[in-house]
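S.K.:
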Amino acid sequence: MYDSRINFNHVELNVYDKINATGLYRFENILQSQREENFDLLHEKLRDGESFKSYILQEGLIRKMIHDTRLIVLDPNYSCQVMKDLHRDYGHIGGRKLWLLFRNVFYCKNDRRLAKKVVRQCVKCIFSKSKNRVCNNEIKSILVENVLDLVCVDFIGNLIPGDQGYSHIFVITDIFSKFVRIYPTHSYNTDTALECIQRFINRHGRMNRLLADNATYFQNEKFKTTLSQQNIEVIFSSIRHPCGNPTERYIQEVTKFLRLLTHEHHEDWVRHVQSVEDFINHTPHTVTEECPAYLMNRRMPPTPWDPFPEEADDYDTRVQRVREKLRRAADSYVRKENSKITKRTIFHPGDTVLVKSYRLGRRDRGKCAKLDLPYVGPYTVVRNFNDVTYELYTMDGKKKIGRYHVSSLFPYDNNPT
Ligand SMILES: [Zn+2]
Numbered sequence: 014m015y016d017s018r019i020n021f022n023h024v025e026l027n028v029y030d031k032i033n034a035t036g037l038y039r040f041e042n043i044l045q046s047q048r049e050e051n052f053d054l055l056h057e058k059l060r061d062g063e064s065f066k067s068y069i070l071q072e073g074l075i076r077k078m079i080h081d082t083r084l085i086v087l088d089p090n091y092s093c094q095v096m097k098d099l100h101r102d103y104g105h106i107g108g109r110k111l112w113l114l115f116r117n118v119f120y121c122k123n124d125r126r127l128a129k130k131v132v133r134q135c136v137k138c139i140f141s142k143s144k145n146r147v148c149n150n151e152i153k154s155i156l157v158e159n160v161l162d163l164v165c166v167d168f169i170g171n172l173i174p175g176d177q178g179y180s181h182i183f184v185i186t187d188i189f190s191k192f193v194r195i196y197p198t199h200s201y202n203t204d205t206a207l208e209c210i211q212r213f214i215n216r217h218g219r220m221n222r223l224l225a226d227n228a229t230y231f232q233n234e235k236f237k238t239t240l241s242q243q244n245i246e247v248i249f250s251s252i253r254h255p256c257g258n259p260t261e262r263y264i265q266e267v268t269k270f271l272r273l274l275t276h277e278h279h280e281d282w283v284r285h286v287q288s289v290e291d292f293i294n295h296t297p298h299t300v301t302e303e304c305p306a307y308l309m310n311r312r313m314p315p316t317p318w319d320p321f322p323e324e325a326d327d328y329d330t331r332v333q334r335v336r337e338k339l340r341r342a343a344d345s346y347v348r349k350e351n352s353k354i355t356k357r358t359i360f361h362p363g364d365t366v367l368v369k370s371y372r373l374g375r376r377d378r379g380k381c382a383k384l385d386l387p388y389v390g391p392y393t394v395v396r397n398f399n400d401v402t403y404e405l406y407t408m409d410g411k412k413k414i415g416r417y418h419v420s421s422l423f424p425y426d427n428n429p430t
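Plus 13 on top of the position in the sequence shown (first one is 1) and you've got the numbering used here.
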């Protein structure tokens with residue numbers, strides 16, 4: 014009888030005992046697999062102990078001679094199993110490494126391609142290895158034509174509690190005029206947000222649309238209903254893509270000024286809120302070249318010098334000029350961003366995708382961001398909003414995951430192993 018262990022030629026596999034548990038490397042199993050139909054022709058040709066092409070029959074096993082090494086010939090199915098085993102047992106090595114390892118002992122037609130495929134379809138690898146490209150598609154800008162056409166809102170949370178116990182800030186920015194209001198708050202939740210928005214409306218008028226991010230304090234029925242009752246359309250930017258929400262930029266501006274004023278006494282920030290508003294609202298904006306306060310209130314803000322006699326153009330003329338400036342700025346931004354995109358990705362309803370996971374260090378829960386899996390999913394694309402924003406559901410279609418920007422998504426092979 015044959016030795017039940019095959020001769021691995023020159024190879025020493027130090028995990029031999031472990032991997033042999035599957036029986037994949039046992040002589041009789043490999044011999045059995047070579048009795049399959051697709052080996053018939055080879056067996057016939059090799060019957061008389063002769064070689065055929067570079068194949069030989071040795072100890073009953075069909076081998077292939079490659080550079081003086083006698084490799085055991087496996088059929089694609091068997092090879093696939095061996096490769097999956099090796100890939101797993103050797104720490105999810107990449108396709109080329111896997112192929113080189115396999116080729117130490119085995120041969121299969123198109124085994125290089127097979128090794129790549131095995132790695133590409135490994136679920137663990139799909140979730141844990143970083144992708145070397147970002148999906149993208151053309152960006153579009155939000156155009157606004159007038160004051161109060163669109164405002165964006167957001168919280169800056171968890172500041173050092175100041176005088177009256179305020180520890181958060183609610184920021185409202187009018188996208189046309191760049192006019193900013195900063196509201197110190199005690200909490201950050203739906204009620205607080207609605208209250209601040211109401212205060213803004215009472216003072217400056219009702220906005221047509223309101224842009225918020227996907228935080229739960231905005232993304233709920235109460236928030237949406239309360240505003241739509243006042244005829245305000247609520248728009249949500251896509252999750253985890255700051256570019257989708259211009260507030261991000263204004264928040265940074267507010268934070269910058271606050272830092273400048275309070276870096277020595279962090280708890281003092283509340284006293285400086287008015288100054289920060291004035292710094293932003295009373296100086297010309299770099300794009301509109303007008304003071305936000307003028308565009309919002311139709312009145313020039315106070316200046317350290319005497320006001321010039323009223324010879325400037327009237328409000329409507331200046332607003333028209335701002336409109337053109339904003340349009341030009343948006344166009345050039347869109348052109349610039351789009352020129353960076355080399356390959357466009359569009360997903361369709363029914364596609365399966367992975368989502369970049371939010372890499373927040375959660376050391377308190379025994380997790381660290383670097384070792385977290387960089388992707389979560391898979392999820393199903395249910396709706397395509399504008400070729401860059403997609404609504405995702407769980408695979409069974411039962412639970413809504415949210416709205417994501419294309420750059421947070423990655424296509425997912427539907428038949429992983
Ligand atoms: Zn893997």
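Idealized CB from N, CA, C, for every residue including glycine.
Just how far apart, CA to CA, sit Leu422 and Phe140?
M.R.: The straight-line gap from Cα to Cα measures roughly 12 angstroms.
S.K.: Give every residue of the same chain whose Cβ lies closer than 7 angstroms to the Cβ of Arg376, excluding the five residues on either side of it in the sequence, and list them in chain order.
M.R.: Residue confidence is low: Arg376 scores 48 on pLDDT, short of 50, so the model does not pin down where it sits. No coordinate-derived value is stated.
S.K.: Using only the alpha-carbon positions, how far apart do Lys58 and Pro387 sit?
M.R.: Rounded to the nearest angstrom, the two C-alpha atoms are 52 angstroms apart.
S.K.: Does the separation of the CB atoms of Leu223 and Ile245 fall below 9 angstroms?
M.R.: Going by C-beta atoms, Leu223 is nearer than 9 angstroms to Ile245.
S.K.: Could you name the residues of the same chain whose beta carbon sits closer than 8 angstroms to that of Tyr392, not counting the 5 residues immediately before and after it, in chain order?
M.R.: Contacts found: Thr365, Val366, Leu367, Val368, Leu405, Tyr406, Thr407, Met408 and Ile414.
S.K.: Could you tell me the boundaries of the alpha helix (DSSP H) in which Pro89 lies?
M.R.: Segment Pro89 to Asp102, the alpha helix (DSSP H) holding Pro89.
S.K.: Among the residues of its own chain, which have a CB less than 8 angstroms from the CB of Asp30, if the five just before and after it don't count?
M.R.: Here Asp30 scores only 46 on pLDDT, less than 50, and its place in the model should not be relied on; the value that follows carries that caveat. The answer is none, since no qualifying residue turns up.
S.K.: Tell me which residues share the same chain as Val166 and place their Cβ nearer than 6 angstroms to its Cβ, disregarding the 5 neighbours each side in the sequence.
M.R.: These residues qualify, in order along the chain: Ile185 and Ala225.
S.K.: For Lys122, collect the residues of the same chain with a Cβ closer than 8 angstroms to its Cβ; drop the 5 residues on either side in sequence, then sort them by chain order.
M.R.: Correct list, in chain order: Pro89.
S.K.: Ligand 1 and Cys138: does the residue's C-beta get closer than 8 angstroms to at least one heavy atom of that ligand?
M.R.: Checking every heavy atom of ligand 1 against the Cβ of Cys138, one is found closer than 8 angstroms.
S.K.: Beta-carbon separation of Ile359 and Lys191 under 9 angstroms?
M.R.: No, the pair does not count as a contact, with Cβ atoms beyond the cut-off.
S.K.: Confirm, please, whether the CB-CB distance from Val132 to Gly107 is below 9 angstroms.
M.R.: Against a cut-off of 9 angstroms, the Cβ pair of Val132 and Gly107 comes out as a contact.
S.K.: So, is Tyr15 buried or exposed, given that buried needs 16 or more other C-beta atoms within 10 angstroms?
M.R.: Residue placement at Tyr15 is flagged as unreliable, the pLDDT there being 38, under the threshold of 50; the coordinate-derived value follows with that caveat. Exposed, by the Cβ-count rule.
S.K.: Which of helix, strand or coil does DSSP assign to Gly415?
M.R.: DSSP places Gly415 in strand when its eight states are reduced to three.
S.K.: With a threshold of 7 angstroms on Cβ separation, who are the neighbours of Pro232 within its own chain once the five nearest residues in sequence on each side are excluded?
M.R.: In the sequence on display, residue 232 carries Gln and not Pro. Excluding sequence neighbours, Gln232 sits near Phe249.
S.K.: If we count Cβ pairs, one from each stretch, closer than 8 angstroms, do we get three or more for the stretch 298-310 versus the stretch 194-211?
M.R.: No, because fewer than three Cβ pairs between the stretch 298-310 and the stretch 194-211 fall closer than 8 angstroms, the two stretches do not touch.
S.K.: For Ile79, write down the residues that DSSP places opposite it in a beta bridge.
M.R.: Partner(s): Thr82.
S.K.: Drop a sphere of 10 angstroms on the beta-carbon of Arg48, count the other beta-carbons inside from all chains shown, and report buried for 16 or more, exposed for fewer.
M.R.: Burial call: exposed.
S.K.: Rounded to a whole number of angstroms, what is the C-alpha to C-alpha distance between Leu240 and Arg212?
M.R.: Spanning the two alpha carbons is a distance of roughly 13 angstroms.
S.K.: If I'm right that Pro79 touches Ser64 with Cβ under 8 angstroms, what's the distance once you round it to whole angstroms?
M.R.: The sequence given here places Ile at residue 79; Pro does not occur at that position. Not confirmed; about 13 angstroms, so no contact.
S.K.: Measure the alpha-carbon distance for Ala342 versus Ile214 and round it to whole angstroms.
M.R.: Roughly 28 angstroms separates the two Cα atoms.
S.K.: Three-state secondary structure (DSSP) at Ile195?
M.R.: Strand.
S.K.: Does the separation of the CB atoms of Ile155 and Ile169 fall below 9 angstroms?
M.R.: No. Outside cutoff.
S.K.: If you check the beta carbons only, do Leu308 and Ser288 fall under 9 angstroms apart?
M.R.: Cβ distance not < 9 angstroms, so Leu308 and Ser288 don't count as in contact.
S.K.: Which value, in whole angstroms, describes the spacing of the CA atoms of Val395 and Pro362?
M.R.: Roughly 5 angstroms between the two C-alpha positions.
S.K.: Between which two residues does the beta strand (DSSP E) harbouring Glu246 extend?
M.R.: Start and end: Glu246 to Phe249.
S.K.: Give the secondary structure of Ile173 by DSSP, where H, G and I count as helix, E and B as strand, and everything else as coil.
M.R.: Ile173 falls in the coil class under three-state DSSP.
S.K.: Excluding five sequence neighbours on each side, which residues of the same chain lie with their C-beta closer than 8 angstroms to the C-beta of Gly36?
M.R.: So the list reads Asn42, once near-sequence residues are dropped.
S.K.: Looking only at C-alpha atoms, which of Gln177, His217, Tyr346 and Glu337 sits nearest to Val283?
M.R.: Measuring from the Cα of Val283, the nearest candidate turns out to be Gln177.
S.K.: Considering only DSSP beta bridges, list what Glu404 is partnered with.
M.R.: Answer by DSSP bridge pairing, in chain order: Arg396 and Arg416.
S.K.: Is Ala128 buried or exposed, if buried means 16 or more other CB atoms sit within 10 Å of its CB?
M.R.: Buried, because 16 or more other Cβ atoms sit within 10 Å of the Cβ of Ala128.
S.K.: List the whole-angstrom C-beta distance separating Ile173 from Glu261, where the pair is believed to meet the contact cut-off of C-beta under 8 angstroms.
M.R.: Actually they do not touch by this definition, with Cβ atoms about 22 angstroms apart.
S.K.: Do you know how far the Cα of His276 is from the Cα of Lys269?
M.R.: If you take the alpha carbons of Lys269 and His276, they lie about 10 angstroms apart.
S.K.: Considering only heavy atoms of ligand 1, does any lie closer than 8 angstroms to the CB of Val132?
M.R.: Flag set: Cβ of Val132 near ligand 1.
S.K.: What did DSSP end up calling Thr260 once you bin it into helix, strand or coil?
M.R.: Helix at Thr260.
S.K.: Should Trp112 go down as buried or exposed, given a rule of 16 or more other Cβ atoms within 10 Å for buried?
M.R.: By the 10 Å Cβ count, Trp112 comes out buried.
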